[in-house]
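Just so you know, the sequence shown maps onto residues 0 to 207 in numbering that gives the first Met the number 0.
Have a look at the structure below, then the notes.
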Amino acid sequence: MSPSTFILIPGAWHSSKCWQCVVPLLVAHGHRVITPDLLGTGSDHTTLSQIELITWINQVVDLVHEQETPVILTGHSRGGLIISEVAQRVPEKIKLLVYLAAFLIPSGETLNDTIANVKIEDFFVHHPDGTLTVKPDKIVPVLYNTTSSEWIERIPSMLSPEPAKIFATPLQLTNDRFERVPRAYIECTQDKALLPALQRQMYNQLPC
Numbered sequence: 000m001s002p003s004t005f006i007l008i009p010g011a012w013h014s015s016k017c018w019q020c021v022v023p024l025l026v027a028h029g030h031r032v033i034t035p036d037l038l039g040t041g042s043d044h045t046t047l048s049q050i051e052l053i054t055w056i057n058q059v060v061d062l063v064h065e066q067e068t069p070v071i072l073t074g075h076s077r078g079g080l081i082i083s084e085v086a087q088r089v090p091e092k093i094k095l096l097v098y099l100a101a102f103l104i105p106s107g108e109t110l111n112d113t114i115a116n117v118k119i120e121d122f123f124v125h126h127p128d129g130t131l132t133v134k135p136d137k138i139v140p141v142l143y144n145t146t147s148s149e150w151i152e153r154i155p156s157m158l159s160p161e162p163a164k165i166f167a168t169p170l171q172l173t174n175d176r177f178e179r180v181p182r183a184y185i186e187c188t189q190d191k192a193l194l195p196a197l198q199r200q201m202y203n204q205l206p207c
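Now the structure itself:
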C-alpha cells in the first residue's frame, strides 16, 4: 500500500490513547496517522450534555477537510457510526472506510436497534445525567479480555462516560454518497463487547 493518511476514531468510552500500539505500526510502513480525541473525551473537556452524534460527525468532517489527499478513515466499535456519516458528507475525501469490530449499520437504524437482540447491554449502566458507563467489574473481562497487564494499568486514563443519546440516533445514509466509498471490515474474533456473530451479521448485511 502506498503511504496514506489514516484517521483513527475510537469507540465508546475511549479516548485516542486506545490507538497507542497501532500508530507505530502504521508509521513504520510510511503512513501518516491522526488520532483525535472526540469532543468531550480524553483531553477535551466539552460538557457531555452538549454532545450529539452530529457533534462528532462535524468534528471529523472538519478534520478530513484539512487533509490534502483522501484519507483512510477507521472506526472502532461505536466509531463505525461516525465514519459512516462522515462518508455520507464527504465521500470524495475518503479513500477507504475501515470498520474495526465496528458498528456497520444501515440508514434509518440506531446502535440501540442493532443490539436489541443481543446481550451487549449487560456490561454498561445508564445514569440519570444521560450518560453510560461500563460496570467496573466488566471493564477487564469484556473490553480488555486479551490485554496485557501493562495495558490494564492504563485503563483509567482511557475511559470516560458516553452520552446515551449517541446510541439512540438513527443514521442517515444514501446510496449515491455513502455507498460510493469502498469499505473493509476487520472482524475481531475474541471480542466480548461486539460479539463476532453480530460483526458478521452486519458485514453480511452491508458487504465490504
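Cβ coordinates follow ideal geometry from the N, Cα and C atoms, glycine included.
Spatial distance of residue i from residue j (CA atoms)
i      : j      : result
Gly129 : Ser1   : 43 Å
Thr46  : Ser159 : 12 Å
Ser15  : Leu80  : 16 Å
Asn216 : Ala27  : Limits of the chain in this structure are 0 at one end and 207 at the other, which puts residue 216 out of reach.
Ala183 : Ile82  : 12 Å
Cys207 : Phe123 : 29 Å
Thr132 : Ile6   : 25 Å
Thr68  : Leu96  : 15 Å
His30  : Thr4   : 6 Å
Cys187 : Thr146 : 13 Å
Gln213 : Ile114 : In the structure as shown, the chain begins at 0 and stops at 207. Residue 213 is therefore absent and cannot be evaluated.
Val85  : Gly39  : 19 Å
Gln49  : Ala196 : 34 Å
Asp136 : Ala163 : 20 Å
Pro127 : Thr54  : 21 Å
Gln58  : Ser148 : 33 Å
Assigned secondary structure, residue i (DSSP; H/G/I helix, E/B strand, else coil)
i      : result
Glu186 : coil
Tyr143 : coil
Arg88  : helix
Phe102 : coil
His13  : strand
Ser159 : coil
Ile33  : strand
Gly79  : helix
Closest residue to residue i among the options (Cα-Cα distance)
i     : options                          : result
Ile8  : Val133, Asp190, Pro181 and Gly78 : Gly78
Pro35 : Leu72, Arg179 and Glu51          : Leu72
Pro90 : Leu37, Gly10, Arg176 and Ser106  : Arg176
Glu51 : Val21, Pro23 and Ala167          : Ala167
Interface flag, residue i vs chain D, CB-CB below 8 Å
i      : result
Ala192 : Any reference to chain D falls outside this structure, which holds one protein chain only.
8 Å Cβ cutoff met for residue i and residue j
i      : j     : result
Met213 : His44 : What is shown of the chain runs 0 to 207, which leaves residue 213 out entirely.
Proximity test, residue i beta-carbon vs the ligand NAD heavy atom, cut-off 7 Å
i      : result
Arg182 : Ligands in the displayed structure: none, and consequently the ligand NAD is not present.
With a threshold of 8 Å, are at least 3 pairs of Cβ atoms found where one atom belongs to the region 101–109 and the other to the region 142–155? With the cut-off at 8 Å, the region 101–109 and the region 142–155 do not touch.
Three or more beta-carbon pairs under 8 Å between the region 49–66 and the region 183–196, yes or no? No: the two stretches stay apart, fewer than three of their Cβ pairs being nearer than 8 Å.
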